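**Q** FYI, the numbering for the sequence shown is 59 to 208, going by the working numbering.
This is the structure, below, for whatever I ask next.
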Amino acid sequence: MLHVPTFRQPDDVACLPTCVRAVLAFRGYPLSDEDASRLCQTDYEGTVIDLALSGLADAGLDADLHQFESVAELRELIADGQPVVTFLRHPSGSLHAVVVCDVTPSAVTVMDPGPGEYAMLPLSRFEDLWCRVQNEGIVVGRTAASASRP
Numbered sequence: 059m060l061h062v063p064t065f066r067q068p069d070d071v072a073c074l075p076t077c078v079r080a081v082l083a084f085r086g087y088p089l090s091d092e093d094a095s096r097l098c099q100t101d102y103e104g105t106v107i108d109l110a111l112s113g114l115a116d117a118g119l120d121a122d123l124h125q126f127e128s129v130a131e132l133r134e135l136i137a138d139g140q141p142v143v144t145f146l147r148h149p150s151g152s153l154h155a156v157v158v159c160d161v162t163p164s165a166v167t168v169m170d171p172g173p174g175e176y177a178m179l180p181l182s183r184f185e186d187l188w189c190r191v192q193n194e195g196i197v198v199g200r201t202a203a204s205a206s207r208p
C-alpha cells in the first residue's frame, strides 16, 4: 500500500485539490489547502477537471487525465509507486475525487478527502462507482527537474 498522507478537504467542493495536495505531499512537495485550490482553479462551486489540469501544467506539474481499461491498470501504477486520483460517482450524483493507494483482488484502498482518512471499498463497489465516470483518473507527477515549485 502507498502511504499517501491523509488530508481532510476544507469544504464540500475541494476534494480534487485535496487529493492533488496529498499526492504531491507523498512525492515530497507539500502544499497548503489554499495553494492546492489555487493551482486547481477551484472556486465556491467546485473544480472543473480541465481547468485543474491546466492550472497544474502552468505550475510545471505533469497531470494527465487517463481513461483506464480496468482496475488492473491502477494496480500496475500502484506497484510502480504511483498513486492515482480517481473519480467516483457520489450518491448525490456529483463526482468525488479520491486517491487510490492499494488494489487487491478483493478491495481498493483509497485516501478519501471527505473524512480525511483511508477507506477500503470492496472491489465490486469501487468498480461500480468508478465505471459510472468512465474509469477516469489523473496521474500527477513532476515534470523535468527544472520545473518551478508550485
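Quick reminder that beta carbons are idealized off the backbone N, C-alpha and C, glycines included.
Only a predicted model underlies this, so the values are computations on that prediction, with no experimental measurement involved.
#1: Where does Ala110 sit, in a helix, a strand or coil, going by DSSP?
#2: Helix or strand or just coil, what does DSSP make of Val197?
#3: Assess, as a yes-or-no matter, whether the stretch 87 to 103 is touched by the stretch 147 to 162 under the definition of 3 or more beta carbon pairs within less than 8 Å.
#4: At the level of alpha carbons, what is the spacing between Gly199 and Ser182?
#5: Let me make sure I understand the geometry here. Which of Gly86, Phe84, Ala72, Ile136 has the alpha-carbon closest to that of Cys98?
#6: Quick one: Cα of Cys189 to Cα of Ala165, how far?
**A** From the atom records:
#1: Reading the sequence shown from its first residue, position 52 is the one you call residue 110. Note: Ala110 maps to helix in three-state DSSP.
#2: Residue mapping note: residue 197 aligns to position 139 of the sequence shown, counting from 1. Three-state result, Val197: strand.
#3: Remark: fewer than three beta-carbon pairs, one from each stretch, lie closer than 8 Å, so the stretch 147 to 162 and the stretch 87 to 103 are not flagged as touching.
#4: On the sequence shown, residue 199 is found 141 positions in, with the first residue counted as 1. On the sequence shown, residue 182 is found 124 positions in, with the first residue counted as 1. Approximately 28 Å between the Cα atoms of the pair.
#5: For this step, residue 98 is matched to residue 40 along the sequence shown. Comparing Cα positions, the closest option is Ala72.
#6: In the sequence shown, residue 189 corresponds to position 131, counting from 1. In the sequence shown, residue 165 corresponds to position 107, counting from 1. When rounded, the distance between both Cα atoms is 15 Å.
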